[in-house]
Every structure is written in C-alpha cells, then in structure tokens.
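J.:
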DNA sequence: AATCAATAGTTACGCTTGTAACTAATATCG
DNA sequence: CGATATTAGTTACAAGCGTAACTATTGATT
C-alpha cells in the first residue's frame with residue numbers, strides 16, 4: 196500500500212516553517228531597535244557569548260555561517276564601533292575580533308531581550324511541548340555533528 | 196542570579212540550524228536532478244498533493260509562500276510544461292493552475308524521493324526523538340495558527 | 001451608472017545571498 | 001632555497017528575495 200505524500204508531514208517543510216515563525220518576532224526587535232541584520236546579530240552573539248576574541252573563521256564555525264556572511268557582518272559591526280580588529284603578530288592572515296565596550300553593552304541588551312523572548316516562547320508552547328521540541332532538536336544536533344561538512 | 200546567555204540554547208537559533216541541515220540533502224536532489232528551485236518544488240508539491248487545480252493565492256496560503264514567489268515558481272514550471280494555466284470564465288482575475296501529466300510524473304518521482312528521505316531521517320534520529328520533534332513542531336504549528344498573519 | 005475599494009497576479013527595484021575568483025600570508029616539500 | 005599548496009579573509013558577479021508599485025478585473029456604495 197502506497198501512502199499519499201503529505202507535504203504537511205514532511206520534516207524539512209515543517210522545520211523550515213517553524214524556524215521562520217519563531218525567528219520572526221525576535222528579528223523584528225534587533226532590526227527595528229538596533230538596525231542589525233541577522234548575520235550581524237549572530238556575530239555579536241558569538242563574540243559576546245564566548246567572552247573572548249575570535250577569528251572570523253571561528254565565528255563562522257561556531258554559528259554555522261558562510262565566511263562571506265561573517266566578513267560582511269564584521270564590517271558592519273566595525274563601522275558601528277561595536278567591534279574592533281587586531282592583527283595577529285605571528286601569523287598576519289588572522290584577525291582577532293573582539294567587541295568594544297559599546298558592543299558588549301549592546302550584546303547585554305540584546306541577550307536580555309532574547310531571554311524574554313525565550314520565556315515568551317516557553318509560555319506559548321507549554322513546558323511539555325517545549326521539552327519535546329528541545330529533545331528532538333538535540334537529536335538533529337547530534338546528527339549534524341556526525342555528518343556536517345561546512346561548504 | 197543572572198544566567199549567561201547561551202546562543203546554543205536559544206530556540207530561534209537551534210530551529211534555524213536544524214532546518215537548514217535537514218533541508219540540505221533533499222534540496223540537493225531536486226536541484227541537481229530536476230533543476231528545480233525550492234519555491235518550484237513547493238508549488239509542485241502543493242498542486243500534486245491536492246490532486247486538483249488551485250489558484251496562485253491558494254498555493255501561497257497552503258505552503259506559506261509570498262505571492263511573488265508563487266508567481267515566479269508558476270512561471271518556471273509552466274516553461275517546463277509541468278503546469279498549465281486556465282483562466283476562470285466567471286472571474287477573470289483567477290487562474291486555475293494544474294499539473295500536466297509530465298508534471299504529475301515528476302511529482303510522483305519527487306515524492307518517492309521525499310518519502311525515502313523522511314525514512315532516512317527517521318533512522319538517523321531514532322523513533323523516540325523523531326516523535327518528540329514532531330510533537331514539539333505540532334506545538335509551534337498550533338502557535339502559528341493562532342498568531343500567523345501573512346504579510 | 002459612476003466612483004471608489006478590494007482582489008488576483010505581475011513587474012521593477014534595491015538588498016542579500018552564495019559561488020567563484022581574488023589577494024595576501026604561511027606551510028610544505030622537493 | 002624555490003616552487004607549489006594551503007589558509008584567512010575580501011570582493012565581483014549573478015541569482016534570489018521581499019517591498020512596493022503596477023495592471024486588470026470585480027465588488028461595493030451612493
């Protein structure tokens with residue numbers, strides 16, 4: 196017996212739609228209030244979260260962004276004086292990127308908003324379903340670790 | 196006590212990364228083997244799944260795509276002779292879109308690949324985690340129904 | 001009937017994106 | 001040491017995208 200294909204049950208479609216919806220309201224915040232693009236917000240988050248300086252390649256690996264995205268995001272953050280570059284003395288191909296104090300301040304404000312939003316999502320989905328979603332995502336993340344090949 | 200913000204635990208980030216990963220291998224198939232874009236594949240799937248003719252607006256609502264995306268996807272599928280248009284006699288603003296037999300054939304081939312891929316994902320994640328993921332996604336879908344406002 | 005509003009779908013425009021080519025620096029290996 | 005390969009990061013280009021403006025048609029209001 197052949198089941199009819201149901202787009203509504205197809206995991207790539209379901210995951211993509213959920214991701215778009217969940218990203219929407221938070222993206223509105225960092226776009227409207229801080230004029231940040233998504234790659235810029237991710238770069239800020241990666242740097243702020245690590246608490247140290249990172250190279251562009253490290254940022255890309257940590258947040259799974261393509262290097263051209265990282266390059267443009269770094270440029271944007273640098274223009275706003277939220278990030279500064281320092282070249283590596285031993286190997287001048289590397290640039291060590293770090294948040295300025297203004298950048299750290301923005302990071303703290305945005306992570307506070309992010310925490311609020313996470314709480315809002317929790318109450319929107321309910322604790323049990325949020326648990327289930329998180330468990331399922333861990334499984335996907337495990338699969339990514341086993342198979343993911345960047346570019 | 197203030198928790199440090201963890202990007203790795205932030206739901207929008209986790210969902211987005213999972214969605215990208217899961218979409219990747221299947222997208223490679225319809226792109227390489229059928230030269231389809233993602234909006235084209237989704238349009239094909241919506242029409243094939245419904246088994247009837249639909250208007251562009253219906254396709255957009257069903258697969259949550261913007262009308263310009265649908266318009267371009269319809270044009271692409273029409274060029275490949277996988278879809279034909281028929282104007283509504285009573286209200287000439289409407290176009291009734293339906294797959295040609297060649298389009299239906301492509302749809303059957305692609306849905307067979309999709310079913311294989313879904314099975315592969317199931318074995319990759321394991322039944323229990325797939326269940327959990329699905330449960331969590333249902334919760335998000337419920338939230339979308341309550342809040343989603345297209346454009 | 002005439003005007004104005006609403007709807008289906010397309011197109012023009014500017015912005016973002018990824019691919020591939022590029023520069024610059026370092027590593028490797030004969 | 002010199003040629004080649006590799007790596008970090010940037011840039012040029014073309015394709016994809018959403019917003020907004022547009023055409024065409026129908027509905028609503030007076």
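Chains as they are written, first to last, in my numbering: chain A, 196 to 346; chain B, 196 to 346.
In this text, a Cβ means the ideal position worked out from N, Cα and C, and glycines have one as well.
All values derive from a computational prediction rather than experimental measurement.
Against residue 330(A), what residues of chain B qualify as contacts under a CB-to-CB distance less than 8 Å, listed in chain order?
T.: Position 135 of the first chain, counted from the start, is the residue given in the question as residue 330(A). Neighbours of residue 330(A) on chain B, chain order: 324, 327, 328, 331.
J.: For the pair the segment 272-283 of chain A and the segment 198-207 of chain A, tell me if three or more CB-CB distances fall below 8 Å.
T.: Too few Cβ pairs lie closer than 8 Å, so no.
J.: Rounded to whole angstroms, how far is the Cβ of residue 305(A) from the Cβ of residue 229(A), which I believe are closer than 8 Å?
T.: The residue given as residue 305(A) occupies position 110 in the first chain. The residue given as residue 229(A) occupies position 34 in the first chain. Yes, residue 305(A) and residue 229(A) are in contact; Cβ-Cβ is about 7 Å, under 8 Å.
J.: Under 8 Å by Cβ, that's how I've got residue 262(A) and residue 250(A) pegged, so tell me the actual separation to the nearest angstrom.
T.: Your numbering for residue 262(A) matches position 67 in the first chain. Your numbering for residue 250(A) matches position 55 in the first chain. Not a contact, Cβ separation roughly 11 Å.
J.: Can you find a CB in chain A that lies within less than 8 Å of the CB of residue 321(B)?
T.: One-based indexing of the second chain puts residue 321(B) at position 126. Yes, contact with chain A.
J.: How long is the line joining the alpha carbons of residue 265(B) and residue 235(B), rounded to whole angstroms?
T.: Position 70 of the second chain, counted from the first residue, corresponds to residue 265(B). Position 40 of the second chain, counted from the first residue, corresponds to residue 235(B). Straight-line Cα distance between these residues: approximately 8 Å.
J.: Beta-carbon within less than 7 Å of residue 297(B)'s beta-carbon, same chain only, minus the 5 sequence neighbours each way: which residues are those?
T.: Residue mapping note: residue 297(B) aligns to position 102 of the second chain, counting from 1. The answer, listed in chain order, is 276, 277.
J.: What does residue 259(A) touch in chain B if you count any residue whose Cβ is under 8 Å from its own?
T.: In the first chain, counting from the first residue as 1, residue 259(A) sits at position 64. What residue 259(A) touches in chain B: 212, 215.
J.: Please check if any C-beta of chain A sits within less than 8 Å of the C-beta of residue 263(B).
T.: Start at 1 with the first residue of the second chain, and residue 263(B) comes out as number 68. No - not a single Cβ of chain A is within 8 Å of the one on residue 263(B).
J.: State the DSSP-derived secondary structure class of residue 213(B), mapped to helix, strand or coil.
T.: Here residue 213(B) refers to the residue found at position 18 when the second chain is read from its first residue. Helix at residue 213(B).
J.: Roughly how many angstroms separate the alpha carbons of residue 257(B) and residue 308(A), rounded to a whole number?
T.: Translated into positions along the second chain, residue 257(B) becomes position 62. Translated into positions along the first chain, residue 308(A) becomes position 113. If you take the alpha carbons of residue 257(B) and residue 308(A), they lie about 32 Å apart.
J.: So within the segment 211-291 of chain B, which uninterrupted alpha helix (DSSP H) runs reach at least 4 residues, ignoring any that extend past its ends?
T.: List check, alpha helix (DSSP H) in window: 233-245, 251-258, 262-274.
J.: Can you tell me whether DSSP reads residue 199(B) as helix, strand or coil?
T.: Translated into positions along the second chain, residue 199(B) becomes position 4. Coil, per DSSP.
J.: Please classify residue 151(A) as buried or exposed, where buried requires at least 16 other C-beta atoms within 10 Å of its C-beta.
T.: This structure cannot settle anything about residue 151(A), because the visible part of chain A is limited to 196 through 346.
J.: Look at residue 302(A) and residue 294(A) and say whether their C-beta atoms are less than 8 Å apart.
T.: Your numbering for residue 302(A) matches position 107 in the first chain. Your numbering for residue 294(A) matches position 99 in the first chain. Their beta carbons are under 8 Å apart, which means residue 302(A) touches residue 294(A) by this criterion.
J.: Do the segment 324-335 of chain A and the segment 319-328 of chain B meet, that is, are 3 or more Cβ pairs less than 8 Å apart?
T.: In short, these stretches touch, since the Cβ pair count reaches three.
J.: Here's the rule I'm using: 16 or more other beta-carbon atoms within 10 Å means buried, otherwise exposed. How should residue 280(A) be labelled?
T.: As a first step, residue 280(A) must be located in the first chain, where it is residue number 85. So residue 280(A) ends up on the exposed side.
J.: Under 9 Å between beta-carbons, which chain B residues line up against residue 292(A)? List them in chain order, please.
T.: Locating residue 292(A) in the first chain gives position 97, where the first residue counts as 1. Near residue 292(A) there are no residues of chain B at all, since even the closest Cβ is about 16 Å away, more than 9 Å.
J.: Mind reading off the beta-carbon distance from residue 217(B) to residue 238(B)? Whole number of angstroms is fine, and I expect it under 8 Å.
T.: Within the second chain, numbered from 1, the residue matching residue 217(B) stands at position 22. Within the second chain, numbered from 1, the residue matching residue 238(B) stands at position 43. Rounded, the Cβ-Cβ distance is 20 Å, inconsistent with contact.
J.: For the alpha helix (DSSP H) containing residue 301(B), list its first residue and its last residue.
T.: Taking the second chain and counting its residues from 1, the one referred to as residue 301(B) is at position 106. Here the alpha helix (DSSP H) through residue 301(B) covers 296-320.
J.: Would you say residue 205(A) reaches chain B, if we count a Cβ-Cβ gap shorter than 8 Å as a contact?
T.: Here residue 205(A) is taken as the residue at index 10 of the first chain, counted from 1. Answer yes: the Cβ-Cβ gap between residue 205(A) and chain B drops below 8 Å somewhere.
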